[in-house]
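A short worksheet on the structure shown next.
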Amino acid sequence: MFSSIKNFISYWYFRYLLVTELYMVEKWERAMFHIILFVLLAIMYVFNTTVTLGLVRMIINSLTSNEDSKRTDYLIDPINVDNSKYDL
Amino acid sequence: MSAAPSLEPSTDYVQTELLNGVNFLNKKVLAAGGDIEFKNFKKLKNGFKNGSCLNGHVLTSANDVNTKELQNGFTLQNDSKKTTDIPKQDHPISKTREIKESFEPPTLLVAALTQISFYILMFLGYLSQALFPPKIVKEKNRDGYPPLYDRFSAFYSRYVYRRVRDCWNYPICSVPGHEVVLKDRVTKDNGWTFEFTGSKTKCLNLASYNYLGFAEASGPCAEAAIASLYKHGISTGGTRQQFGTCELHDELERLTAKFLGVEDAITFGMGFATNALNIPTLLSPGCLVISDEKNHSSLIVGIKLPGATVKVFKHNDVTHLEQLLQEAIYYGQPGQPKGAFKPWKKIVIVVEGIYSMEGTVVRLPEIIALKKKYKAYLYLDEAHSIGAMGKHGKGVVDYFNCDPKDVDILMGTFTKSFGSAGGYIAGTKEFITYLREQSYASRYAWAMSPPLAAQIISVINILMGRDGTNEGQKRIEALARNTRYFRLRLEQMGVIIHGNEDSPVVPILVYLYSKICMMVRTLIKEKIATVGVGYPATPLTQGRIRICLSAGHTKEQLDYALDVIEKVADEIGIKYSRKTRDFTPIEYSKIKIYQDL
Ligand SMILES: Cc1ncc(COP(=O)(O)O)c(C=O)c1O
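If you read the sequences in order, they're chains H and P.
Sequential numbering from 956 applies to the first sequence in the numbering used here.
Sequential numbering from 711 applies to the second sequence in the numbering used here.
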């Protein structure tokens, strides 16, 4: 059972290496690629959660100009918003 | 030739439908008074009237259009309504060969992945180059000089190709017959250097262009070659024009001409040079060459040398070829003073018989019809097809039952099917005599080595049945059967293969570099030698394994190879084909080969 799972994973890791051409490069290059990929994804995550989300919020705000839509704080923390302020 | 029905001068589309339902573009409008206009080009330019064109040839006349002229075993048929009431032809429509070719494109996903992974590879290559510059000699004290070598190709061979170099350029130490002995080697530094281990591996050879299996170390051909060694030595020590000709050369040329069914032939010691050095004698600036996109580099070198204009048509696309021909004839040479019209000196169509990377077969009957219609010359390179195609092994001309005299320049090499080396050009007596006098290759290149000539002579004798056996015919049929069997089995397997069903070159599309090298390595481990081909020899997204079949392979050998390929294909996932498959088992001995038809 355990070895079959291990086989499955190692086989599909091998297939993954094949389709990304990582099969033919050296080990350190493979590691390097994965590190760089990970760093890139991490940067993208940070970028998305801060800059992109903020931008989206700004755009939504400017498009919908009624009072209610100015309520932007729930985008940040939907639970701890002080709802009483908006008497909902 | 036949009773031409009177076609009223009205607007009628005259379609010549040729083989395989290809509709040509030559829809002409018959204007009143018999003037013919191309539909695509409404206005006639000055100097180009009434369908007259190039070199005083009449492009076409009302008569031509209506004549059901028998060309090369098929009839130009008029499909228009007007012709339905024509009485049946007195010419029997001889059987034409259906061209079955497959060109399954990859799925979008596979194509996209191939592109992306190629960029990964390039990125890692540049990274590696920046961190570990190659330990090679650097140019010093050469400030201001531009680099002598191309930067990119140096990078590509060091940081992309080097990683998989163990799959290519394998040293061998035996005759590359149906089996070949590889010299084992290992690399300890990722392909920078190799060491021989001293051991050898005997592999099934699916890599050589040994189509008829004449690459043998024994047998009548080898004996003839050895006997000629004692008589003539290894070289005649001169060019053909200067004392280098011996009786073997004369005999070889006579025999080649007879074998091909043409008036005369000339032979050279090298196939590449046959193309590269003879095409320049035919062309000059002001000539137009229309060349297939996948032509071999020897043809391209030859075409570029004399400074003629080149236009390239899409691979095997007769419609595009016709369009280019029409444009060439209609517009003539570019860059003329305003209003002037200057036709091309001549137009030469350059094609190959079997394309060695694609496994496709040229659509010869259609091209011959076009060539006749537009009065262009045809240069056919039969490097891979001579011996390997046709009922009698006479190449694609034989395969399609065409008249060899319809092809102006028949070129071929002895390097493949004949198990020798060299090339020939065959054609009319006049033309070959001209080549003998004018060709750079006959003036300046060493004559063919006599043992090579002796080998070719004995092979041609066997193929023509002049040795008193039917060995030649047997081999031709064995090759045809092996080809169909192998291709059918591969199709059942679900891998994508390209090319004509009768072409002994079988490219299996693998797309990715890693898969190419994984497959070649595994196959060598399983004692099968194959060739992988990737960018730049193929387009970027079309890496492939190329398999060349031979008459020397037995069914057992092919079955073994197919089983191994199936296993590998499953393992690395190259069963890309989305065609419906037919799983009825294929019986080797009952396969219908084209010789029977
Ligand atoms: C189409 C074509 N023409 C010419 C040649 C050159 O022939 P050779 O190897 O005899 O120089 C080749 C060889 O690969 C070829 O494929």
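All residues carry an ideal CB built from backbone N, CA and C; glycine is no exception.
Shown here, N900 (chain P) sits in coil according to DSSP, grouped into three states, outside any helix or strand. For A1093 (chain P), the Cβ falls inside the 6 Å cut-off from some heavy atom of ligand 1. Secondary structure note for C931 (chain P): its alpha helix (DSSP H) is the uninterrupted segment P930 to H942.
Only residues of its own chain outside the window of five on either side were considered, and among them E1181 and G1182 have a CB closer than 6 Å to the CB of I1172 (chain P), listed in chain order. Shortest Cα-Cα distance from R964 (chain P) to any of P:L834, P:N851 and P:I1170 involves P:I1170. If you check each beta-carbon in the stretch 867-886 of chain P against every beta-carbon of chain H, the ones closer than 7 Å belong to R873 and V874. Within the stretch 985-1006 of chain H, the residues whose Cβ lies closer than 9 Å to any Cβ of chain P are, in chain order, R985, M987, F988 and I991. Short of 8 Å from the beta carbon of K1285 (chain P), and not among the five residues preceding or following it, lie these beta carbons of its own chain, in chain order: M1203, G1204, V1205 and A1279. With fewer than 16 other Cβ atoms inside 10 Å of its own Cβ, N879 (chain P) counts as exposed. Residue state for N915 (chain P) is assigned as strand, using DSSP reduced to three classes. Excluding the 5 residues flanking it on each side, A937 (chain P) has same chain C-beta neighbours closer than 8 Å at A1164, in chain order.
Counting along the chain, the unbroken beta strand (DSSP E) around G1253 (chain P) starts and ends at G1253 to C1258. By the beta-carbon neighbour count (other beta carbons within 10 angstroms, threshold 16), T817 (chain P) is exposed. Short note on E1062 (chain P): C-beta closer than 6 Å to some heavy atom of ligand 1.
Ranked by how close their Cα comes to the Cα of Q1036 (chain P), the residues P:I1064, P:S838, P:V1215 and P:I1000 have P:I1000 in first place. Look at F982 (chain P): its beta carbon is less than 6 Å from one of the heavy atoms in ligand 1. Cα atoms of R873 (chain P) and G901 (chain P): separation of roughly 6 Å, rounded to the nearest angstrom.
Here the alpha carbons of A986 (chain H) and L837 (chain P) stand approximately 13 Å from one another. Contacts with chain H at 7 Å (Cβ-Cβ) do not include L962 (chain P).
Taking 6 Å as the cut-off, one finds no heavy atom of ligand 1 near enough to the beta carbon of S1159 (chain P). Taken from the Cβ of H1025 (chain P), every heavy atom of ligand 1 lies 6 Å or farther away.
At a cut-off of 7 Å between C-beta atoms, Y978 (chain H) counts as an interface residue with respect to chain P. Ranked by how close their Cα comes to the Cα of I1039 (chain P), the residues P:I1301, P:P1053 and P:K1225 have P:P1053 in first place.
Of the heavy atoms belonging to ligand 1, at least one sits nearer than 6 Å to the Cβ of H1006 (chain P). Using a Cβ-Cβ distance cut-off of 8 Å, the stretch 1190-1200 of chain P and the stretch 1229-1245 of chain P are not in contact, since fewer than three pairs of beta carbons, one from each stretch, lie closer than that value. In this structure G1017 (chain P) touches P995 (chain P) by the C-beta definition: roughly 5 Å separates them, less than 8 Å.
For A1098 (chain P) against Y1298 (chain P), the beta-carbon gap comes to about 19 Å, at or over 8 Å, which does not count as contact. Within 10 angstroms of the beta-carbon of T1070 (chain P) lie 16 or more other beta-carbons, which makes it buried. Close CB contacts of S1095 (chain P) within its chain, under the 6 Å cut and outside five residues either way in sequence, are with G1063, I1064, G1105 and V1106 (chain order).
Comparing alpha-carbon positions, the option among P:I1255, P:C956, P:I1186 and P:S1149 lying closest to L1200 (chain P) turns out to be P:I1255. Spatial neighbours of Q1148 (chain P) in its own chain (CB-CB distance under 6 Å, excluding positions within 5 residues in sequence) are listed in chain order as T991. In the three-state DSSP reduction, C956 (chain P) falls in the coil class, being neither helix nor strand. In this structure, P:F978 is the residue among P:F842, P:I944 and P:F978 with its C-alpha nearest to the C-alpha of Y1150 (chain P). Per DSSP, Y880 (chain P) lies in no alpha helix (DSSP H) segment and is marked neither H nor E. In this structure, P:G1262 is the residue among P:L819, P:R1073 and P:G1262 with its C-alpha nearest to the C-alpha of A917 (chain P). Distances taken from the Cβ of T977 (chain P) to the heavy atoms of ligand 1 include none shorter than 6 Å.
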